[in-house]
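Residue numbers (the numbering used here), protein chains in the order written: chain H, 1 to 248; chain P, 249 to 496. C-beta: ideal position from N, C-alpha, C; glycine also. Only a predicted model underlies this, so the values are computations on that prediction, with no experimental measurement involved. Working notes for the structure below.
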DNA sequence: AAATCCTATTTGTCCTACAAATATAATTTT
DNA sequence: AAAATTATATTTGTAGGACAAATAGGATTT
């Protein structure tokens, strides 16, 4: 087992080899992985190196390990690693805008799936959420209601991965609202043009199972973001600076 | 620094503390992180534990480290961790279908962004791809062309994260085509209904900057998947089994 | 002032040791 | 003989020491 660490570290190398083995052998969830000492001998590295590599896979949920019982391949939650990376403060403005774009696209794009799946009870639930939304005027609770509404929609789409993904994006959205100074301008601009489509305006399309109407309504509902993204892409600057304060 | 490892391992605990610190202090890319020994002392754990935790963050791109220069926070590629987890053989059928659904939704949903951004040169490029596609009849190259076309579309959307995401999904799509026995049925069913929309059928809508038409065309282009997803969600079985062969 | 060398620091790797958990084998009890 | 108990061995989790490689920063020489 030579060809060690061509460029990166031994840990990177071992990690890639283990992943490669799992993929190439088409190992399924439950398949056993050799213990740490065996792997260390096989790859001719120290046990620490193997442990670091395995620790990474363990974090992603690719493997599981329990004392004395050894390690097995496991089915990861595909969004688990993603979550740790979604820190708006470390992401570039560009990446954040890209994520915004994905959220908007997903919501518009899943229209036909939503319409196909939605039941009358689902619609009743949505109406309830909207009713609460209208009753309370507080801005902060508004965000919670916004979330409740969209979560319900994704749940109708019957897509847990998408639900997880979009749930992780909520803090990113919040961050844009609170920290991107130029965003508020767009918010007010769109308001002035009175193109605002609220949740309650969307519901009729769901009731009529009108895919195109629903799609247009959602698009208008998310208009602010679409405009903001379009505008930002032109400028395409970075809003990211380094900082060397003492944090720990 | 008590409250050690309530439930998980020390490594999990330290990992979460470091991530927490980075988030709560709003540390930006470039901010310095204490060295391994300091962290070990701070959290009252061995250096190995700290190293494993840091190794995980390093893998995700959350931090970078160079000998003697210490470690700094860095901007991760948000899709880097995702990539390692996307092994169709370990994912459940349900998750794979969810991913299919996301791909389809993204492609339909980014229509307005695409139409807004696309230039005449982009359209010429797409025509070139389609021309090649028509010239060659081989199935295998077809997949490459399929990829080239969609990659170009996402590139027009000017969204690198989405491009990365969908690029990672390509092997998953391939897997569905090759390994989900019931998928071929749908393929042929849709073909029989002659609802097939090819890439060349899509291009006119782009030329006319017709968002709705484009959206419908893309939806039809991906009809197989929509139907397949809808059908599978009804059954919602698992197609995942354990396997204990010797792989290493 | 510039170039060179030296030293201290920090990450990367290897190693040994032991605790905790637990699967398996050995022993005792019924 | 079967069941329950105990003992043993194995494997992961953690700690800590040692050293190599790289290199930032200071000391020395040119």
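The beta strand (DSSP E) spanning residue 73/H covers which residue range? What you label residue 73/H is simply residue 73 of the first chain in a count that begins at 1. Counting along the chain, the beta strand (DSSP E) containing residue 73/H begins and ends at 70-73.
Using 10 angstroms around the beta-carbon of residue 346/P, count the other beta-carbons present and answer buried if the total reaches 16, otherwise exposed. As a working note, residue 346/P is residue 98 in the second chain. Buried: at least 16 other Cβ atoms inside 10 Å.
Kindly indicate if chain H contains any beta-carbon less than 8 Å away from that of residue 330/P. Start at 1 with the first residue of the second chain, and residue 330/P comes out as number 82. Yes, its Cβ sits closer than 8 Å to a Cβ of chain H.
CB residue 328/P to CB residue 308/P, shorter than 8 Å? Here residue 328/P is taken as the residue at index 80 of the second chain, counted from 1. Here residue 308/P is taken as the residue at index 60 of the second chain, counted from 1. Yes, the Cβ-Cβ distance between residue 328/P and residue 308/P is below 8 Å.
In terms of residues, what are the limits of the beta strand (DSSP E) holding residue 36/H? For the purposes of this step, residue 36/H is identified with residue 36 of the first chain, where counting begins at 1. That residue, residue 36/H, is in no beta strand (DSSP E); its alpha helix (DSSP H) goes 36-43.
Residue 151/H touches chain P at which residues, Cβ-Cβ below 8 Å? Position 151 of the first chain, counted from the first residue, corresponds to residue 151/H. The premise fails here: residue 151/H is roughly 15 Å from chain P at the closest Cβ pair, so nothing lies under 8 Å.
With contact counted as at least three CB pairs below 8 Å, one residue from each stretch, are the stretch 332-342 of chain P and the stretch 60-72 of chain H in contact? yes
Taking the straight line between their C-alpha atoms, what separation do you get for residue 213/H and residue 105/H? Within the first chain, the letter at position 213 stands for residue 213/H. Within the first chain, the letter at position 105 stands for residue 105/H. Answer to the nearest angstrom: the Cα atoms are 16 Å apart.
Which runs of the alpha helix (DSSP H), 4 residues or longer, sit entirely within the stretch 324-369 of chain P? 328-333, 341-357 and 359-365
Can residue 229/H and residue 100/H be called in contact, C-beta distance under 8 Å? Stepping through the first chain from its first residue, residue 229/H is reached at position 229. Stepping through the first chain from its first residue, residue 100/H is reached at position 100. Against a cut-off of 8 Å, the Cβ pair of residue 100/H and residue 229/H comes out as a contact.
Between residue 294/P and chain H, is any beta-carbon pair separated by less than 8 Å? Residue mapping note: residue 294/P aligns to position 46 of the second chain, counting from 1. No, because no Cβ of chain H sits closer than 8 Å to the Cβ of residue 294/P.
Looking at the secondary structure, which residues open and close the alpha helix (DSSP H) in which residue 480/P lies? Sequence index remark: in the second chain, residue 480/P carries index 232 (1-based). Start and end: 471-483.
Using only alpha-carbon positions, find the residue among 73/H, 57/H and 115/H that is nearest to residue 206/H. For the purposes of this step, residue 206/H is identified with residue 206 of the first chain, where counting begins at 1. Comparing Cα positions, the closest option is 115/H.
Using only the alpha-carbon positions, how far apart do residue 72/H and residue 234/H sit? Residue mapping note: residue 72/H aligns to position 72 of the first chain, counting from 1. Residue mapping note: residue 234/H aligns to position 234 of the first chain, counting from 1. Taking the straight line joining both Cα atoms gives about 48 Å.
Residue 340/P versus residue 75/H - alpha carbon distance: Translated into the one-based positions of the second chain, residue 340/P becomes position 92. Translated into the one-based positions of the first chain, residue 75/H becomes position 75. Cα to Cα, residue 340/P sits roughly 7 Å from residue 75/H.
Got a sec, what are the start and stop residues for the beta strand (DSSP E) residue 65/H sits in? Indexing the first chain from 1 puts residue 65/H at position 65. Looking at the DSSP string, the run of the beta strand (DSSP E) that includes residue 65/H is 63-66.
Measure the beta-carbon distance from residue 34/H to residue 421/P and round it to whole angstroms, keeping in mind my assumption that it falls under 8 Å. The residue labelled residue 34/H in the question sits at position 34 within the first chain. The residue labelled residue 421/P in the question sits at position 173 within the second chain. That belief does not hold up - the Cβ atoms of residue 34/H and residue 421/P are roughly 32 Å apart, past 8 Å.
Would you call the CB atoms of residue 337/P and residue 20/H closer than 8 Å? Here residue 337/P corresponds to residue number 89 of the second chain, with the count starting at 1. Here residue 20/H corresponds to residue number 20 of the first chain, with the count starting at 1. Not closer than 8 Å, so no.
Beta carbon proximity, residue 230/H to chain P, threshold 8 Å: As a first step, residue 230/H is located in the first chain; it is residue number 230 there, counting from the start. Chain P, which has a Cβ nearer than 8 Å to the Cβ of residue 230/H, makes this yes.
Taking 8 Å as the threshold (beta carbon to beta carbon), is residue 436/P in contact with chain H? The count along the second chain starts at 1 and reaches residue 436/P at position 188. With 8 Å as the cut-off, residue 436/P does not count as an interface residue toward chain H.
Give the DSSP-derived three-state secondary structure of residue 390/P in the structure shown. Within the second chain, residue 390/P is the residue found at index 142, counting from 1. Of the three classes helix, strand and coil, the one that applies to residue 390/P here is helix, per DSSP.
Could you name each continuous alpha helix (DSSP H) segment of 4 residues or more that falls completely within the stretch 121-199 of chain H, going from the start of the chain to the end? 139-156, 160-179 and 181-192
Inter-stretch contact at 8 Å, needing at least 3 Cβ pairs: the stretch 404-415 of chain P / the stretch 361-376 of chain P: yes
Interface positions of the stretch 399-421 of chain P facing chain H (Cβ-Cβ less than 8 Å), listed along the chain: 405, 406, 407, 408, 409, 410 and 413
Local Cβ density within 10 Å of residue 68/H, reported as buried at 16 or more and exposed below that: Here residue 68/H is taken as the residue at index 68 of the first chain, counted from 1. Its Cβ having fewer than 16 others within 10 Å, residue 68/H is exposed.
So, are the CB atoms of residue 199/H and residue 133/H less than 8 Å apart? Counted from its first residue, the first chain places residue 199/H at position 199. Counted from its first residue, the first chain places residue 133/H at position 133. Contact flag set, yes.
For a contact defined as C-beta to C-beta under 7 Å, what are the partners of residue 343/P on chain H? Here residue 343/P corresponds to residue number 95 of the second chain, with the count starting at 1. Those are 78 and 161, listed as they occur along chain H.
Output needed for residue 445/P: all residues of its chain with C-beta closer than 6 Å, excluding positions within five of it in sequence on either side, in chain order. Mapped onto the second chain, residue 445/P falls at position 197. For residue 445/P, where only same-chain residues beyond five positions count, the Cβ hits under 6 Å are 465, 468 and 469.
Cβ-based contacts, 9 Å cut-off: residues of the stretch 352-365 of chain P near chain H: 352, 353, 354, 355, 356, 357, 358, 359, 360, 361, 364 and 365
Taking all protein chains shown into account, do 16 or more other C-beta atoms lie within 10 angstroms of the C-beta of residue 242/H, making it buried, or fewer, making it exposed? Stepping through the first chain from its first residue, residue 242/H is reached at position 242. Low local confidence applies: a pLDDT of 45 at residue 242/H is under 50, so the model's placement there is unreliable, with the coordinate-based value given in what follows. Exposed, because fewer than 16 other Cβ atoms sit within 10 Å of the Cβ of residue 242/H.
To the nearest angstrom, how far is it from the Cα of residue 417/P to the Cα of residue 135/H? The sequence position of residue 417/P within the second chain is 169, counting from 1. The sequence position of residue 135/H within the first chain is 135, counting from 1. Taking the straight line joining both Cα atoms gives about 42 Å.
Same chain only: Cβ atoms within 7 Å of residue 11/H, ignoring 5 sequence neighbours per side: Mapped onto the first chain, residue 11/H falls at position 11. Result list for residue 11/H: 49, 52 and 53, in chain order.
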